[in-house]
Amino acid sequence: MGEREHLLEIRNLRTHFFVRGHVAKAVDDVDLTIQSGQTLGLVGESGCGKSVTAHSIIGLVPQPPGKIVGGRIIFDGTDLLELPEARMRKIRGHWISMIFQEPMTSLNPVYSVGDQVAEVIRLHEGLSRREAQNRVIEMFQLVGIPAAEKRTNDYPHQMSGGMRQRVMIAMALACHPKLMIADEPTTALDVTIQAQILELMNKLKEETRASILFITHNLGVIAEMAQYVAVMYAGKIMEYADVKTLFGQPKHPYTVALLHSIPVLGRGVRGQRLSAISGVVPSLLNLPAGCLFSDRCPDAFSDCLRVEPQMYELDPNHTARCLKYA
Amino acid sequence: MPETERAAIFLVEVKDLVKHFPIRGGVFLKEVASVKAVDGVSLSIREGETMGLVGESGCGKTTLGRLMLRLEEPTAGEIYFQGENILTFGPSRMRVLRREMQIVFQDPFSSLNPRKTVAEIVGEPLLVHGIGNRREREERVLSLLEVVGLRREHLRRYPHQFSGGQRQRLGVARALALNPRLIVCDEAVSALDVSIQAQVINLLQDLQGEFGLTYLFISHDLSVVEHVSNRVAVMYLGKIVEIAASEELYTTPLHPYTQALLSASPIPDPTTRRQRIILKGDVPSPIDPPSGCRFHTRCLYAREICSKDEPDLREVERDHLASCFFAGQVGTRSSTAA
Numbered sequence: 031m032g033e034r035e036h037l038l039e040i041r042n043l044r045t046h047f048f049v050r051g052h053v054a055k056a057v058d059d060v061d062l063t064i065q066s067g068q069t070l071g072l073v074g075e076s077g078c079g080k081s082v083t084a085h086s087i088i089g090l091v092p093q094p095p096g097k098i099v100g101g102r103i104i105f106d107g108t109d110l111l112e113l114p115e116a117r118m119r120k121i122r123g124h125w126i127s128m129i130f131q132e133p134m135t136s137l138n139p140v141y142s143v144g145d146q147v148a149e150v151i152r153l154h155e156g157l158s159r160r161e162a163q164n165r166v167i168e169m170f171q172l173v174g175i176p177a178a179e180k181r182t183n184d185y186p187h188q189m190s191g192g193m194r195q196r197v198m199i200a201m202a203l204a205c206h207p208k209l210m211i212a213d214e215p216t217t218a219l220d221v222t223i224q225a226q227i228l229e230l231m232n233k234l235k236e237e238t239r240a241s242i243l244f245i246t247h248n249l250g251v252i253a254e255m256a257q258y259v260a261v262m263y264a265g266k267i268m269e270y271a272d273v274k275t276l277f278g279q280p281k282h283p284y285t286v287a288l289l290h291s292i293p294v295l296g297r298g299v300r301g302q303r304l305s306a307i308s309g310v311v312p313s314l315l316n317l318p319a320g321c322l323f324s325d326r327c328p329d330a331f332s333d334c335l336r337v338e339p340q341m342y343e344l345d346p347n348h349t350a351r352c353l354k355y356a
Numbered sequence: 002m003p004e005t006e007r008a009a010i011f012l013v014e015v016k017d018l019v020k021h022f023p024i025r026g027g028v029f030l031k032e033v034a035s036v037k038a039v040d041g042v043s044l045s046i047r048e049g050e051t052m053g054l055v056g057e058s059g060c061g062k063t064t065l066g067r068l069m070l071r072l073e074e075p076t077a078g079e080i081y082f083q084g085e086n087i088l089t090f091g092p093s094r095m096r097v098l099r100r101e102m103q104i105v106f107q108d109p110f111s112s113l114n115p116r117k118t119v120a121e122i123v124g125e126p127l128l129v130h131g132i133g134n135r136r137e138r139e140e141r142v143l144s145l146l147e148v149v150g151l152r153r154e155h156l157r158r159y160p161h162q163f164s165g166g167q168r169q170r171l172g173v174a175r176a177l178a179l180n181p182r183l184i185v186c187d188e189a190v191s192a193l194d195v196s197i198q199a200q201v202i203n204l205l206q207d208l209q210g211e212f213g214l215t216y217l218f219i220s221h222d223l224s225v226v227e228h229v230s231n232r233v234a235v236m237y238l239g240k241i242v243e244i245a246a247s248e249e250l251y252t253t254p255l256h257p258y259t260q261a262l263l264s265a266s267p268i269p270d271p272t273t274r275r276q277r278i279i280l281k282g283d284v285p286s287p288i289d290p291p292s293g294c295r296f297h298t299r300c301l302y303a304r305e306i307c308s309k310d311e312p313d314l315r316e317v318e319r320d321h322l323a324s325c326f327f328a329g330q331v332g333t334r335s336s337t338a339a
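Same order as they appear, the protein sequences are chains U and H. Take any residue in the first sequence, count from 1 to its spot, add 30: that is its number in my numbering. Take any residue in the second sequence, count from 1 to its spot, add 1: that is its number in my numbering.
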């Protein structure tokens, strides 16, 4: 596979879930582009469809009840949605790997961590047991696990949360992937450990030139990790921009409201109220007509309740799904 | 300061509080070790203030909150509420006192009984304490729902019919039912999405103004704690390492652990680039904490004395306490500067 500018292009992706006669549009008409060697941050509140987007890319949407009903996911020139499962299996874990939120539940408790990382390498690269073992030790050293050779014999329960997440990263990087999908990789960790893992991921990205799709609800983490950011709400991308623009000149009312609703370290003024977003995230089974954010939006006008907004280009590389910019 | 005067200023005071949880093993279930969850903590909370309590998981902050309400019996130490040592109280006096102190839990899904209606959940404290008749209780529940921003028609619904933010409002309404003076908020907004978190934080602040509540606000989220607290205490491995007024603590942290904690918190502003202190290793086990200063195994500035002697929590600057031999001499004076 050759080098392309766009490593991953998602066009009009629609992943729906069919539950008891209802349709939940978990991902609806999502476009995303990830360039080689860059980190795209995908940010949004729980249930907005960010994890389903990731699972769609890597082919892990449970079918049924889920179904990818439309769109294309072009990875390095190939549409992943047209690949048979056998070929997808060769890509998953090899060229595209994934780091999950909870390292305790995503590692198998009855195999040693070394064996679990070795399995990936042997499966995808056909190395011998010994060669794979050596690569595992190399990977453990790379991700900063002390006494790497000895720790390969540990079982997951013998490691701390931070160490387990390092094992997950070692596993994800073991076959030199082109794209690493990190789904809330530091959410379960304490801040000092989170800082270690984020620093490690940035260092490894520089060394391996892998692209990262970084999924989180934490705007602070996004600001430190991503070059480009997509804000997701109720299954749709609401705004897309480079990280400085998104945090500096956010245009979509949802992005603006989200940024205003969090207290910022070192700028807290006690007694000052946070500008909370009124109401709640709409149910995917009962989405509002027109703009999905219209019922909570401070800037909504009458058209917002009827007309479904498109992604409007504000600048090259800056788009927002809001009728204000139509 | 005379005792009566202290009692007027401080609503709650704990002194040298210790809580060790035994670990039993062997055939006769002998105590083989203990988890030193809280290991000598002294802390005072003024009437009407919000005391923030931050620290990483397992540092003992939740246990300290529970001890303060006597939901756990301490291994040693004293707890004063309005000047009285509540550890000397018998069950009946304690029961009366419980009206004054309430708690809001982290997880709004597991802290509400799924088989009870809102009327029963929010009204239960009134029922337990024998306050009012059925109709009066219902009136009170209705007014509480209004206070926390829920509606009259919610009265007959069950917890699963509410969103996370609404459930946390129910938890707050239940805590308010008996007109308490102290509320321990144990990670009360941590499980909520950011847009909903802001709603609940605003609600807690409004209620404080309206009813003159005193909060112990426990959280691992430093920016939320900074936003709500008058003073902040930082905990590490069962001990308080630093206490100061919120603004003071966040601009001039004196303890190396506080400095590291602050520098590790991500800031939602890509133009801010800070010198980040990355701590090595993990938090040691509270079963067998390090000798001397408990932070010395991860501290960038640790010297020989740190592994031998234990530093006291001392007043380094006016009203700014830190337990470090070199407090004020080491580290960043202002870790949040760009």
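Beta carbons are placed, not taken as given, at the ideal position from N, Cα and C, and that holds for glycine. Small disclaimer: the values here were computed from a predicted structure and weren't measured.
Interface flag, residue i vs chain U, CB-CB below 9 Å
| i | result |
| --- | --- |
| residue 227(H) | yes |
| residue 302(H) | no |
| residue 337(H) | Because the pLDDT at residue 337(H) is just 39, under 50, the model does not fix this residue reliably, and the value given afterwards should be weighed accordingly. Interface residue, yes. |
| residue 203(H) | yes |
| residue 167(H) | yes |
| residue 277(H) | yes |
CB contact check: residue i to chain A, cutoff 9 Å
| i | result |
| --- | --- |
| residue 199(H) | In the structure shown, chain A does not exist; the protein chains are U and H. |
Candidates the options, of which the one nearest residue i by Cα
| i | options | result |
| --- | --- | --- |
| residue 54(H) | 297(H), 296(H), 231(H), 126(H) | 231(H) |
| residue 299(H) | 280(H), 305(H), 289(H) | 280(H) |
| residue 58(H) | 69(H), 86(H), 314(H), 286(H) | 286(H) |
| residue 96(U) | 48(U), 134(U), 130(U) | 48(U) |
| residue 278(U) | 244(H), 243(H), 42(H), 273(H) | 273(H) |
| residue 332(H) | 69(H), 140(H), 237(H), 260(H) | 260(H) |
| residue 170(U) | 210(U), 158(U), 195(U) | 195(U) |
| residue 64(H) | 236(H), 282(H), 327(H) | 236(H) |
| residue 128(H) | 226(H), 100(H), 317(H), 11(H) | 100(H) |
| residue 221(H) | 328(U), 204(U), 233(U), 222(U) | 222(U) |
| residue 159(H) | 311(H), 144(H), 139(H), 121(H) | 121(H) |
| residue 280(U) | 111(H), 241(H), 270(H), 17(H) | 270(H) |
| residue 128(U) | 259(U), 295(U), 199(U) | 199(U) |
| residue 261(U) | 339(U), 286(U), 227(U), 241(U) | 286(U) |
Neighbourhood of residue i by C-beta distance below 7 Å, restricted to the same chain and skipping five residues each side
| i | result |
| --- | --- |
| residue 49(H) | 213, 215 |
| residue 22(H) | 35, 36, 38 |
| residue 166(H) | 193, 197, 200, 201 |
| residue 347(U) | 271, 272 |
| residue 327(H) | 302 |
| residue 16(H) | 43, 78, 79 |
Residue i burial status per 10 Å Cβ neighbour count (16 or more: buried)
| i | result |
| --- | --- |
| residue 349(U) | buried |
| residue 338(H) | Because residue 338(H) sits at a pLDDT of 37, beneath the cut-off of 50, its placement in the model cannot be relied upon, and the point is left open. |
| residue 319(U) | exposed |
| residue 248(U) | buried |
| residue 156(U) | exposed |
| residue 32(U) | With a pLDDT of only 45 at residue 32(U), under the threshold of 50, the placement of this residue in the model should not be trusted, and no figure is reported. |
Cutoff 8 Å; reference residue i; Cβ partners in own chain excluding five residues on either side
| i | result |
| --- | --- |
| residue 290(U) | 304, 305 |
| residue 32(H) | 23, 24, 25 |
Proximal residues to residue i (C-beta, below 6 Å), its chain only, five neighbours per side dropped
| i | result |
| --- | --- |
| residue 266(H) | 223 |
Residues sharing a beta bridge with residue i, DSSP
| i | result |
| --- | --- |
| residue 220(H) | 55(H) |
| residue 321(H) | 318(H) |
| residue 65(U) | 36(U) |
| residue 244(H) | 234(H), 322(H) |
| residue 128(U) | 211(U) |
| residue 217(U) | For residue 217(U), which the question treats as bridged, DSSP gives no partner whatsoever. |
| residue 26(H) | 31(H) |
| residue 186(H) | 105(H), 218(H) |
Minimum Cβ-Cβ distance from residue i to chain H less than 9 Å
| i | result |
| --- | --- |
| residue 132(U) | no |
| residue 307(U) | yes |
| residue 293(U) | yes |
| residue 233(U) | no |
| residue 248(U) | yes |
| residue 224(U) | yes |
| residue 347(U) | no |
| residue 337(U) | no |
| residue 76(U) | yes |
| residue 144(U) | no |
| residue 228(U) | yes |
Residue i Cβ short of 8 Å to the ligand HEM heavy atom set
| i | result |
| --- | --- |
| residue 41(U) | As for the ligand HEM, it is missing from this structure, which has no ligand bound. |
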